[in-house]
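For reference, the structure discussed in these notes is given below.
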Amino acid sequence: MALQADKKNVVRKSRASKKAEKTFTFTWEGSNKKGQKVTGTLTAPNQAIAKANLRTQGVIATKVKKKAVALFAPRKKPVTTAEIASFSRMIATMMKAGIPLVQSFEIIGRGHDNPSVQELLLNIKTSIESGTSFAESLRQHPRYFDDLFCDLVEAGEQAGALEEMLDRIAIYKEKSESLKKKIKSAMTYPIAVIVIALVVTAILLIFVVPTFKDVFAGFGADLPAFTLMVIAISEWMQEWWWVVLGVIIGSLMGLKELLHRSEPARDFRDRLMLKLPAIGPILYEAAVARFTRTLSTTFAAGVPLVEALESASGASGNVVFRKAILKIRDDVSTGMAMYMSMESVEIFPNMVVQMVGIGEESGSLDSMLSNVADIYEENVDNAVDNLSSLLEPMIMAILGVLIGGLVVAMYLPIFSMGQVVG
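Per the working numbering, the sequence shown runs over residues 6 to 427.
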């Protein structure tokens, strides 16, 4: 088991290294295994690898040339996960309608608005035409199709139920993408409000407060302590704003690099995120939803439970859940019931553990996990909808302290003068 896990890690690392390679688009001409003349395009780091890829697809290339890029050609948009989810649904729908796989790729590829998606799908179509299996054709593009996606397609091909499997994949990708958007919405709203409040405060300190300072200088009277403090902060900001901006940008870049390089830093971030007020419970329920949805999809596809748990650990999106799921995987591999292991890790809600136990005893684990995923996805949906009302008091307090405080500080001397005149 450990040897198999190490082998998978090596494969994943090799695929991850391919992501970092810069690739180019090549046009090619040649003949396939039947001797028919074929043409197409493919992406590869260099011409030699392009020719090698064509040989593995059973194509004897007579011409391979790097595709020229126009001087003022528009930049190609990257392929997004939302587009992959949409492609999954379209290919599933066409296969259900009886349209052959290759023709489905041709229709979707030619009709897509994004040139990058067109190129990707037509490359996969060419690979399938040359005799490569659907799953292996997808594995040639690890940047867009992860191990879980390819494994499910392979399971569908081997079982002779590709149409049904593509439909399952489409549902899984759509629900995963929907959940991801909700989490982004939950995280973006409070951050955006706070950032805007800080930007407005900085503008007031640098450009507006100095104007009031010049007016107050002609009064010849002592200013309130609060006003003097705000003026002092304004003067400091006018002189050192570039330092503040540099520290903020440097800190964000440094934090990003730290999270990229340090696993303990990522672990600390994931644990901290689950403890945040308002947002933490949403992230917790989203992780439960991702785990149960992934495990339900893979187990229903005929993937053994231990391997399905391996896939679910990577899809959970949080290190706390990932480590707990890997422990469950190890326990299940020794013969322990899954619900007992879930109970021992003390991270899953009792309701989830009980439903998994019922599913194991009744032999309907995949449908029970799907029901749990539906429940928690709906919980996340409702929580995100209610987030704005939950955060409004905090946001109003921040705006009141930052912007309202500056306004009060600037008008205090005017109020004081009015009392003296009165």
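Ideal Cβ positions, reconstructed from N, Cα and C, are used throughout, including at glycine.
Please classify residue i as buried or exposed, where buried requires at least 16 other C-beta atoms within 10 Å of its C-beta.
| i | result |
| --- | --- |
| Ile-201 | exposed |
| Glu-290 | buried |
| Met-373 | buried |
| Lys-248 | The sequence as given places Val at residue 248; Lys does not occur at that position. Answer is exposed; the Cβ neighbour count stays below 16. |
| Gly-409 | exposed |
| Asn-391 | exposed |
| Ala-78 | Residue confidence is low: Ala-78 scores 48 on pLDDT, short of 50, so the model does not pin down where it sits. Its coordinate-derived value is still stated next. By the 10 Å Cβ count, Ala-78 comes out exposed. |
| Leu-411 | buried |
| Gln-145 | buried |
| Asp-227 | exposed |
| Lys-12 | Confidence is the limiting factor: at Lys-12 the pLDDT is only 43, short of 50, which leaves the residue's position unreliable, though a coordinate-based value still follows. With fewer than 16 other Cβ atoms within 10 Å, it is exposed. |
| Asp-219 | exposed |
| Lys-189 | exposed |
| Gln-62 | buried |
| Glu-26 | For Glu-26, the predicted model reports a pLDDT of 48, less than 50, meaning its position is unreliable; a value from the coordinates is still stated below. It counts as exposed. |
| Glu-124 | buried |
| His-117 | buried |
If I follow the unbroken beta strand (DSSP E) through residue i, where does it start and stop?
| i | result |
| --- | --- |
| Lys-70 | 65-71 |
| Lys-42 | 42-49 |
| Phe-31 | 29-36 |
Residue i and residue j: beta carbons closer than 8 Å?
| i | j | result |
| --- | --- | --- |
| Leu-417 | Thr-232 | yes |
| Ile-3 | Val-350 | Nothing about residue 3 can be read from this structure; the chain reaches only from 6 to 427. |
| Gly-322 | Ala-292 | yes |
| Val-84 | Asn-119 | yes |
| Ala-160 | Ala-97 | no |
| Thr-67 | Thr-46 | no |
| Asn-128 | Thr-48 | yes |
| Ser-181 | Arg-94 | no |
| Ile-1 | Ala-191 | Shown here, the chain extends from 6 to 427; a query on residue 1 therefore has no answer. |
| Pro-365 | Tyr-344 | It is worth fixing the name first, because residue 365 is Glu in this sequence and not Pro. Against a cut-off of 8 Å, the Cβ pair of Tyr-344 and Glu-365 comes out as a contact. |
| Ala-313 | Thr-303 | yes |
| Ile-89 | Lys-187 | no |
| Leu-331 | Tyr-194 | no |
| Val-337 | Val-311 | yes |
| Ser-183 | Pro-215 | no |
| Phe-353 | Met-360 | no |
Which two residues bound the contiguous alpha helix (DSSP H) that contains residue i?
| i | result |
| --- | --- |
| Phe-231 | 230-266 |
| Thr-131 | 120-134 |
| Pro-286 | 284-305 |
| Val-350 | 343-350 |
| Ser-91 | 86-101 |
| Phe-139 | 139-144 |
| Gly-362 | 355-367 |
| Met-406 | The sequence as given places Val at residue 406; Met does not occur at that position. Taken as a continuous stretch (DSSP letters only), Val-406 belongs to no alpha helix (DSSP H), as it is neither H nor E. |
| Lys-39 | No alpha helix (DSSP H) holds Lys-39; DSSP gives it neither H nor E. |
| Gln-52 | 52-61 |
| Lys-332 | 324-338 |
| Val-213 | Element bounds for Val-213: n/a, residue is neither H nor E. |
| Ile-176 | 167-208 |
Between the segment 149-160 and the segment 55-67, do three or more beta carbon pairs fall short of 8 Å? no
Contact the segment 132-142 vs the segment 37-57: 3+ CB pairs below 8 Å: Yes, the segment 132-142 touches the segment 37-57.
Evaluate the contact criterion for the segment 393-407 versus the segment 196-213: three or more CB pairs, one atom per stretch, below 8 Å. yes
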